[in-house]
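Protein chains in written order, with our numbering: chain A, 1 to 426; chain B, 427 to 579.
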């Protein structure tokens, strides 16, 4: 997913899409209501987008608080106040080619692991609406995970400044290239959408590292019954990345014990799976939601279980809300490493250093609890301001979802995070 | 901008954006006096719909009438009081919640909001000509070219 593209490529793509739309097409006005396909309008191009301007302060001085593992830095150790945690801009072009065929391109600019804001293609797919119930898509699309993973970048859509980092922040893959089918079906007054997905992903980490997801298979179902929405999803993939490659090569040089450690923890054709079950009740005046998920992998990514619950009340334009969120490791977060007994002092020193490096990697398996309180203020029908306070506590020797920790970092210490954000859609 | 001016501006904003909507949407206060009717073409076989069926079609959850025929919703313009009243009564969504709903649909590739017509007369004319369309108008704009399938109180 998310191949970085140059500005020139982006401009060329946008231009090509614009030309394809042809003389008969028209761009939607800025009212935020893109002209939709109707029975007597065969072609239309709508331009829409979303964005967030955010500023975050963290009390932790020895690590950065940020919103995703795909970020270079955040608030805390790198900067007291960071605008990089939540700020982003997205542009989407929807092209209706006929009653059945349509195409979508979504480009998002936000801080990445290389500390650049190079726009990435998040979505680029062609949809064939075979019947009003069945849609088939090919191209790049969001992975069907969690309640909010597909729209996690569109801050205006959800009440918080960002989805709970304990579940959402650890996802390295958010979209992928493949095919999917969405089927709408009804059971009495319950509206369901079932989705099956198959594809692959290739995401750039800190250069030259990359992460590959092959044979990604996903299954999701959303059931809406009045104000109640229930979503279940399951994703499986085979992941490969050279993360920790030097460490694993060095471990393997220590014979069978080292090789065993390398094959246990290297992300080398490892099956990973993510399952989640989420519930959202939103009758309008208030909302409550909860979601539980688990990830599994026999690698340095580890296995985790996460859960969050959130509720809020809408008072006119104000929505105060409270959230609680937790992630726990479901696999060992410590490993005895290489046996040092019987090694020559020089080799024992090297082996101890490698064991230390391995322990450092396992400490990145997130274990953390957060409680949050916030206020959303709908300034306008397409703009909302948010203020949020998070009390974030990494636990059990883990750094939690924090990044860039320095030697002074201590797990178990609570970080106080204050965020302000302005979300808009256009 | 001076401090006093800034404060006045903020206070005006608070009244306009918060207190007034809160009063208007408060319980027991009718948001709109006009009676709304949901309509189909007189040529359509549909005779009655429930509010949840209308809501599903206007929110993009269903693309068919209960009898299985394809349904195309037609909206009043953005900002029209009739539109805000319709969505509040039929879907429990205020304009910001409706905007959030469609932002979710659009930015996940699940659909686009309904097309719009200028006012009740324009909606009635287009619905009358298209048996697959579903619209809502002020009851006063009803005529024999369309059939009311739901009265929204």
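Even for Gly, the Cβ is constructed at its ideal location relative to N, Cα and C.
Alpha carbon of residue 516(B) to alpha carbon of residue 464(B), nearest angstrom: Computed Cα separation, rounded: 10 angstroms.
Within 10 Å of its beta-carbon, does residue 253(A) have 16 or more other beta-carbons around it, so buried, or fewer, so exposed? exposed
Residue closest to residue 244(A), alpha-carbon to alpha-carbon, out of 114(A), 164(A) and 301(A): Among 114(A), 164(A) and 301(A), the Cα nearest to that of residue 244(A) belongs to 301(A).
Could you pull out every unbroken alpha helix (DSSP H) segment of at least 4 residues lying fully inside the region 194-240 of chain A, listed in chain order? With a minimum length of 4 residues, there is no unbroken run of alpha helix (DSSP H) contained wholly in the region 194-240 of chain A.
9 angstroms Cβ cut-off: residues of chain B touching residue 321(A): Simply none; closest approach about 14 angstroms.
Any beta-carbon of chain B closer than 8 angstroms to the one on residue 124(A)? Closer than 8 angstroms to the CB of residue 124(A) there is not a single CB belonging to chain B.
Report the rounded CA-to-CA distance for residue 568(B) versus residue 468(B), giving the unit in angstroms. 11 angstroms
Mind pulling the chain A residues with CB within less than 8 angstroms of residue 534(B)? 142, 150 and 151
Measuring only the C-alpha atoms, how far is residue 566(B) from residue 222(A)? 39 angstroms
Here's the rule I'm using: 16 or more other beta-carbon atoms within 10 Å means buried, otherwise exposed. How should residue 461(B) be labelled? exposed
For residue 158(A), count neighbouring C-beta atoms within 10 Å of its own C-beta (all shown protein chains included) and say buried if the count is 16 or more, exposed if not. Label assigned to residue 158(A): buried.
Interface partners of residue 92(A) on chain B, CB under 8 angstroms: 532 and 533
When you compare only the Cα positions, how much space is there between residue 554(B) and residue 466(B)? 7 angstroms
Chain A within 8 angstroms of residue 522(B), Cβ atoms only: Cβ-Cβ to chain A under 8 angstroms: yes for residue 522(B).
Which residues in chain A sit within 8 angstroms of residue 529(B), going by Cβ to Cβ distance? 50, 151, 154, 156, 157 and 425
Can you say whether residue 81(A) is buried or exposed, counting buried as having 16 or more other CB atoms within 10 angstroms of its CB? exposed
Below 8 angstroms between beta carbons: does that hold for residue 218(A) and residue 248(A)? Taking 8 angstroms as the cut-off, the beta carbon of residue 218(A) is found no closer than this to the beta carbon of residue 248(A).
Closer than 9 angstroms at the beta carbon, the chain A residues around residue 551(B): The contacting residues do not exist; residue 551(B) stays about 13 angstroms from chain A at best.
Mind listing the chain A neighbours of residue 525(B)? Cutoff is C-beta to C-beta under 8 angstroms, in chain order. 32, 156, 381, 382 and 425
What residues from chain B crowd round residue 378(A), counting only those whose CB sits closer than 7 angstroms? 522
Could you say if the region 184-191 of chain A and the region 164-175 of chain A meet the contact criterion of at least three C-beta pairs nearer than 8 angstroms? no
Hey, is residue 127(A)'s beta-carbon within less than 8 angstroms of any beta-carbon in chain B? Yes - at least one Cβ of chain B is within 8 angstroms of the one on residue 127(A).
Going by other Cβ atoms of all chains shown within 10 Å of its Cβ, with 16 needed for buried, is residue 362(A) buried or exposed? buried
Could you please tell me which residues of the region 476-505 of chain B, in chain order, have their CB closer than 7 angstroms to any CB of chain A? 478, 482, 487, 488, 489, 490, 496, 498 and 504
Does the separation of the CB atoms of residue 172(A) and residue 69(A) fall below 8 angstroms? yes
C-beta neighbour in chain A for residue 538(B), strict 8 angstroms: yes
Please report whether the beta-carbon of residue 519(B) lies at a distance below 8 angstroms from any beta-carbon of chain A. yes
Going along the chain, which residues of its own chain have a beta-carbon closer than 7 angstroms to the beta-carbon of residue 228(A), five neighbours each way excluded? 281
Does the region 254-261 of chain A come close enough to the region 316-330 of chain A to have 3 or more Cβ pairs within less than 8 angstroms? no
When you compare the CB of residue 390(A) with every CB in chain B, is at least one pair closer than 8 angstroms? It does not; no Cβ of chain B falls within 8 angstroms.
So which residues of chain B does residue 104(A) contact, with C-beta pairs closer than 8 angstroms? Residues of chain B passing the Cβ test: 535.
For a quick check, are the C-beta atoms of residue 333(A) and residue 398(A) less than 8 angstroms apart? Yes, they are a contact pair.
Short check: CB of residue 477(B) to CB of residue 576(B), under 8 angstroms? yes
Closer than 8 angstroms by beta-carbon distance: list the chain B residues that pair up with residue 186(A), in chain order. 488
Could you name the residues of chain B that residue 226(A) contacts, counting a contact when the two beta carbons are closer than 8 angstroms? 478
Across the region 411-424 of chain A and the region 53-72 of chain A, are there enough close Cβ pairs to call them in contact, namely three or more that are closer than 8 angstroms? yes
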